[in-house]
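Under our numbering, think of the first position of the sequence shown as 1136, with each following residue one higher.
Every residue, glycine too, gets a C-beta built ideally from N, C-alpha and C.
Remember, it's a predicted structure, so these values are computed and weren't measured experimentally.
Before any comments, here is the structure.
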Amino acid sequence: MGYKGCCGFNNYLYICTHYDLYYNTFNLMLKKNIEQAINAQINAEFWSAYLYLSMSAYCHENGNTGMANWFAVQFKEEQDHAQLLFNYVISRGGRITLAPIAQVQTHWESPLQAFEDTLTHEQKVTEMINNLYALADSEKDYATQSMLRWFIDEQVEEEETAQEIIKNLRLIKDNGFGLFMLDKELGARTYTPVTTTNKD
Ligand code: FEO
């Protein structure tokens, strides 16, 4: 005995086929390659969070508590980035597959080196986001492109902020008062949960 579905097919197989056709036709579900790429990006965002938590620990050890705060806020924001992607996959009827988070570096030679690594890392994330956008474009997945535009804008800010701090640290060099003042400034950074309508 079959179930008579809305399409009128009196058979389970036909009902399933109808649903596949329905979702594919209206592009409600994520294509598998897009789903995989977003899951990889979720992992990259969590890895970023882990990296910045490690940098925060290093700054505490080094006596730069303001910089430690700055990285701690960064740690939380990266988790929010992962959550935004997570929510998007769910909203598109996709499947989340959380992978292990790889080991991160635990020591830097100086705060300057930590911020230089931050910039290098953010440039890699920018490349990943751009690649993801290009994939969505090639698949004509307009909803994913729309979602990713927020991340593209966010990456501009991420790189600009890291560059600004690096520029200051290079000017300051070993000047104790300069380092004290910059550390104080970075210590004032506060965390606001990230949504696609705010960026700080
Ligand atoms: Fe989520 Fe800093 O990129």
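Residues near LEU1283 by beta carbon distance below 8 Å, same chain, minus five either side: ILE1264, LEU1267, TYR1268, ALA1271
Cβ-based burial, ASN1174 [other Cβ within 10 Å; buried from 16]: When all chains shown are included, ASN1174 counts as buried.
For ALA1297 and LEU1254, believed in contact at Cβ under 8 Å, the rounded distance: 4 Å
C-alpha gap between ALA1203 and LEU1304, whole angstroms: Taking C-alpha positions only, ALA1203 is separated from LEU1304 by approximately 15 Å.
Distance CB(GLU1212)-CB(VAL1329) smaller than 7 Å: In contact: GLU1212 and VAL1329 (Cβ atoms closer than 7 Å).
Backbone CA spacing between TYR1326 and VAL1208 [nearest angstrom]: Rounded to whole angstroms, TYR1326 to VAL1208 spans 5 Å at the Cα level.
Span of the alpha helix (DSSP H), counted from its first residue to its last, around ALA1184: Annotation for ALA1184: the continuous alpha helix (DSSP H) segment containing it runs 1167 to 1197.
Opening and closing residue of the alpha helix (DSSP H) in which TYR1268 lies: 1246 to 1273
6 Å Cβ shell around TRP1205 - same chain, five flanking residues per side excluded: LEU1321, ARG1324
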